[in-house]
Amino acid sequence: MSRFAYDETALIHGGISTDARTGAVNIPIYQTSTYQQDGLGKMRGYEYSRTGNPTREALEALIAELEGGYAGFAFGSGMAAITAVLSLLHSGDRVLISSNVYGGTFRVLDKVFNHFGIVYTIADTAHPDVFASQITPDIRAVMLESPANPLMTVTDIRAIAEISHAHGLLVIVDNTFMTPYLQKPLALGADIVVHSATKYLGGHSDVVAGLAVVSTKELAEQIAFIQNSTGGVLGPFDSFLLIRGIKTLAVRMDRHVENAQKAAEYLKNHTAVKTVYYPGLPDSPDYAVNQKQAKNGGVMISFELHEDYDIRVFFEALKLVMLAESLGGVESLVCHPATMTHASIPAEIRKQVGITDGLIRLSVGIENIADILADLEQAIAQAKTGK
Ligand SMILES: Cc1ncc(COP(=O)(O)O)c(C=O)c1O
2 MSRFAYDETA LIHGGISTDA RTGAVNIPIY QTSTYQQDGL GKMRGYEYSR TGNPTREALE
62 ALIAELEGGY AGFAFGSGMA AITAVLSLLH SGDRVLISSN VYGGTFRVLD KVFNHFGIVY
122 TIADTAHPDV FASQITPDIR AVMLESPANP LMTVTDIRAI AEISHAHGLL VIVDNTFMTP
182 YLQKPLALGA DIVVHSATKY LGGHSDVVAG LAVVSTKELA EQIAFIQNST GGVLGPFDSF
242 LLIRGIKTLA VRMDRHVENA QKAAEYLKNH TAVKTVYYPG LPDSPDYAVN QKQAKNGGVM
302 ISFELHEDYD IRVFFEALKL VMLAESLGGV ESLVCHPATM THASIPAEIR KQVGITDGLI
362 RLSVGIENIA DILADLEQAI AQAKTGK
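Quick note on numbering: the sequence shown equals residues 2 to 388 in the working numbering.
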């Protein structure tokens, strides 16, 4: 539980927010690998920075407080956080993953964890009844994203957690797209939250980082052991950058969401646009469930242009909005999921789950919305083929 009534305050003062020794209002970058010991077995709280570092610890306490969890853990990337959490599984275990989970999550299960006898099934977490019918005795965990990348499909986290817990499954939610400012999966019944903190939490496209937050002491002990044993920890400088980014999360997200709402409405009303996926649009099939569990529809939008528009021309014509992997920075970015973020998912599975070759994903930045829309407009106009 957070000690603060409002997230805006917790983002700035949560966790360990000042340096106890000096009173510094920012946690210093403790750029050290090791710590002097006063005698055998006489440590001053730290022994080696893989095991513990004060800057990383401040970040870990902050994310735990923001997500309302028991403990937080910081890793060198979102994938390192996900890998650490999946390392709770044993040979012979199966994990259910939501159908349009991040491509890297799919890949680590499909190509790495399979070496250790841990298998996965793609599950329909968006439809709790179908999901319930997919549970078999070898399943130990479910890993989901809501909204899921890149079709922004929303999962009723509380419903899935209830069904999963009735079968003794661990519920893991990747909260990257929402952040704890917009959605708190642990309060909805999840056991573990993971983040690519590279995205909104960092917020400036200048750090690659991952976070995990667990709900119980038992899980905290297990993840702490895995974190220290496998070693994918976040360094002190990157921990500092993340703390700095998180302080402004609320103001950034408010502007991001305001812009995203306008961009989604613009795209929905555009004659060149065939489909828009954004759970913040009241006529989206995902709107009602999303409203129930999140503050708003978030920032990510996917859309398809009609067949007489050439998306290659569209991407190349953009002047302000940049074609790049990633999302969540202050600058607007677009990507082509089929060849970029979701390229590691085989074409037939992409087709099955609806990730078409024409799908465009937009991470709406905090520039003036008029500039973003003008750039989209001129690029769409150039992309018209006349066919
Ligand atoms: C939803 C989601 N989860 C996890 C990841 C992986 O995070 P990282 O790139 O920080 O390893 C990403 C990266 O794009 C993502 O979008």
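The C-beta atom is built at its ideal place from N, Cα and C for all residues, glycine as well.
Problem set entry | Residues sharing a beta bridge with residue 142, DSSP | Beta-bridge annotation (DSSP): residue 142 is paired with 96, 171.
Exercise. Would you say the stretch 185 to 197 touches the stretch 228 to 243, given that touching needs at least three Cβ pairs under 8 Å?
Worked result: As far as the Cβ criterion goes, the stretch 185 to 197 does not touch the stretch 228 to 243, which means the pair count is below three.
For this session: Return the chain-ordered list of same chain residues with a C-beta closer than 8 Å to the C-beta of residue 318, the five sequence neighbours on each side being excluded.
Result: Same-chain partners within the cutoff: 379, 380, 383, 384.
Exercise. Which class does residue 44 belong to by DSSP, given the choice of helix, strand or coil?
Worked result: Note: residue 44 maps to coil in three-state DSSP.
Exercise. To which residues of the same chain is residue 269 closer than 7 Å at the C-beta, ignoring the five residues directly before and after it?
Worked result: Answer for residue 269: 277, 282, listed in chain order.
Problem set entry | Sub-9 Å separation of residue 221 and residue 71 beta-carbons | With respect to residue 71, residue 221 sits close: the two C-beta atoms are nearer than 9 Å.
Exercise. What residue from 76, 63, 165 has the CA that sits closest to residue 98's CA?
Worked result: Of the candidates 76, 63, 165, 165 places its Cα closest to the Cα of residue 98.
For this session: Could you pull out every residue in the same chain whose Cβ sits closer than 7 Å to the Cβ of residue 139, ignoring the five residues on either side in sequence?
Result: Take residue 139, set aside five residues on each side of it, and the residues of its chain with a beta-carbon closer than 7 Å to its own are 93, 94, 95, in chain order.
For this session: Could you pull out every residue in the same chain whose Cβ sits closer than 6 Å to the Cβ of residue 159, ignoring the five residues on either side in sequence?
Result: Only 189, 190 meet the Cβ criterion.
Problem set entry | Pairwise C-alpha distance: residue 366 and residue 43 | Taking the straight line joining both Cα atoms gives about 49 Å.
Exercise. So, are the CB atoms of residue 345 and residue 107 less than 9 Å apart?
Worked result: In this structure, residue 107 lies closer than 9 Å to residue 345 by Cβ.
Exercise. Taking just the CA atoms, how far does residue 260 sit from residue 284?
Worked result: Roughly 18 Å between the two C-alpha positions.
Problem set entry | beta strand (DSSP E) segments (min. 3 residues) lying fully within the stretch 285 to 332 | With a minimum length of 3 residues, the unbroken runs of beta strand (DSSP E) contained wholly in the stretch 285 to 332 fall at 301 to 306.
Exercise. Based on the DSSP secondary-structure assignment, which residues constitute the bridge partners of residue 104?
Worked result: Within the DSSP secondary-structure output, residue 104 pairs in no beta bridge.
Exercise. Does the separation of the CB atoms of residue 331 and residue 308 fall below 9 Å?
Worked result: No. Outside cutoff.
Problem set entry | Proximity test, residue 198 beta-carbon vs ligand 3 heavy atom, cut-off 8 Å | Ligand 3 is absent from the structure shown, which contains only ligand 1.
Exercise. Run through DSSP, which three-state label would residue 185 get?
Worked result: Secondary structure of residue 185 (DSSP, three-state): coil.
Problem set entry | Span of the alpha helix (DSSP H) around residue 224 | Where residue 224 is concerned, the enclosing alpha helix (DSSP H) stretches over 218 to 231.
Problem set entry | Opening and closing residue of the beta strand (DSSP E) in which residue 26 lies | If you look at residue 26, you'll find it isn't in any beta strand (DSSP E); DSSP assigns it neither H nor E.
For this session: Give a yes or no on whether the C-beta atoms belonging to residue 328 and residue 300 are separated by under 9 Å.
Result: Result yes, Cβ atoms of residue 328 and residue 300 sit closer than 9 Å.
Exercise. Does the beta-carbon of residue 178 have 16 or more other beta-carbons within 10 angstroms, so that it is buried, or is it exposed?
Worked result: Its Cβ being crowded by 16 or more others within 10 Å, residue 178 is buried.
For this session: With distances taken Cα to Cα, identify the nearest neighbour of residue 339 among 357, 350, 193.
Result: Its Cα nearest to that of residue 339, the residue 357 stands out among 357, 350, 193.
Exercise. According to the neighbour-count rule (16 or more other Cβ atoms, all chains shown, within 10 Å of its Cβ), is residue 134 buried or exposed?
Worked result: With fewer than 16 other CB atoms across the displayed protein chains lying within 10 angstroms of its CB, residue 134 is exposed.
For this session: Would you check if the distance between the CB atom of residue 13 and the CB atom of residue 248 is smaller than 9 Å?
Result: Result yes, Cβ atoms of residue 13 and residue 248 sit closer than 9 Å.
Exercise. DSSP on residue 91, reduced to helix/strand/coil?
Worked result: Under the three-state reduction of DSSP, residue 91 is assigned to coil, being neither helix nor strand.
Problem set entry | Status (buried if at least 16 other CB within 10 Å, exposed otherwise) for residue 144 | Residue burial annotation: residue 144 is buried, with at least 16 other C-beta atoms found within 10 angstroms of its C-beta.
Problem set entry | Closest by C-alpha distance to residue 101, when choosing among 122, 298, 244 | The residue among 122, 298, 244 with its C-alpha nearest the C-alpha of residue 101 is 122.
Exercise. From residue 130 to residue 124, what distance separates their C-alpha atoms?
Worked result: Each residue's alpha carbon lies about 11 Å from the other.
Exercise. What's the C-alpha gap between residue 86 and residue 195?
Worked result: Whole-angstrom Cα-Cα distance: 8 Å.
Exercise. CB-CB under 8 Å to residue 23, same chain, minus the five flanking residues each way: which ones, in chain order?
Worked result: Within the same chain, and ignoring the five residues on either side of residue 23 in sequence, the residues whose Cβ sits closer than 8 Å to its Cβ are 29.
Exercise. Within 10 angstroms of its Cβ, does residue 58 collect 16 or more other Cβ (buried), or is it exposed?
Worked result: So residue 58 counts as buried.
Problem set entry | residue 132 burial status per 10 Å Cβ neighbour count (16 or more: buried) | Buried.
For this session: Return yes when the Cβ of residue 264 is within less than 9 Å of the Cβ of residue 361, no when it is not.
Result: Against a cut-off of 9 Å, the Cβ pair of residue 264 and residue 361 comes out as no contact.
Problem set entry | Check whether residue 303 and residue 152 have beta carbons under 9 Å apart | Against a cut-off of 9 Å, the Cβ pair of residue 152 and residue 303 comes out as a contact.
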